[in-house]
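Numbering (this note's numbering), first residue to last: 179 to 316.
By construction, the Cβ of each residue, glycine as well, lies at the ideal position given by its N, Cα and C atoms.
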């Protein structure tokens with residue numbers, strides 16, 4: 179066998195292959211992960227994306243990866259609607275709980291208002307700040 183080649187990549191095919199390989203390995207050691215990507219998007223009248231959330235269900239937990247709301251509509255309740263829609267759809271898909279992490283300068287209070295509680299904090303990441311790891315039941 180020749181020496182494998184290692185290279186840097188930022189490619190959807192690579193991500194898909196890594197996820198498939200990890201799922202196959204995990205399935206041999208536990209129940210099926212039930213991996214399911216999820217997205218919820220908010221568009222204005224012109225169809226421009228002005229907010230949304232994305233994550234995935236894994237082992238019956240929703241992992242919220244990204245939530246963003248355009249500054250022009252922050253504070254109007256749209257962020258809550260977006261995240262609650264994602265939570266509701268995850269529950270319909272069989273999720274029993276959700277987790278998210280947020281920097282201390284981002285949205286800890288927002289998530290607490292949606293029923294999330296901090297279970298761990300990593301001080302100093304990013305520098306001068308902290309990351310809060312939060313979860314809640316669905």
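*Could you tell me the boundaries of the alpha helix (DSSP H) in which residue 196 lies?*
If you number the chain shown from 1, residue 196 lands on position 18. From DSSP, the alpha helix (DSSP H) with residue 196 extends over 190 to 205.
*Using only alpha-carbon positions, find the residue among 217, 202 and 216 that is nearest to residue 210.*
Position 32 of the chain shown holds residue 210. The shortest C-alpha separation from residue 210 is found at 202.
*Assess, as a yes-or-no matter, whether the segment 222 to 238 is touched by the segment 266 to 277 under the definition of 3 or more beta carbon pairs within less than 8 Å.*
yes
*asked:* Ignoring anything shorter than 4 residues, give me the alpha helix (DSSP H) runs that lie fully in the segment 223 to 297, in order along the chain.
replied: 256 to 270 and 286 to 291
*Can you give the beta carbon distance from residue 245 to residue 260, rounded, assuming they're within the 8 Å contact cut?*
In the chain shown, counting from the first residue as 1, residue 245 sits at position 67. In the chain shown, counting from the first residue as 1, residue 260 sits at position 82. Confirmed, about 7 Å.
_Close Cβ partners of residue 197 (< 8 Å) along its chain, the five nearest in sequence each way excluded_ = Indexing the chain shown from 1 puts residue 197 at position 19. Contacts found: 213.
_Range covered by the beta strand (DSSP E) that runs through residue 220_ = Within the chain shown, the letter at position 42 stands for residue 220. Where residue 220 is concerned, the enclosing beta strand (DSSP E) stretches over 214 to 221.
*asked:* If you reduce the DSSP assignment to three classes, tell me which class residue 299 lands in.
replied: The residue labelled residue 299 in the question sits at position 121 within the chain shown. Reduced to three states, the DSSP call for residue 299 is strand.
*For residue 279, collect the residues of the same chain with a Cβ closer than 8 Å to its Cβ; drop the 5 residues on either side in sequence, then sort them by chain order.*
Within the chain shown, residue 279 is the residue found at index 101, counting from 1. The answer, listed in chain order, is 309, 310, 311 and 312.
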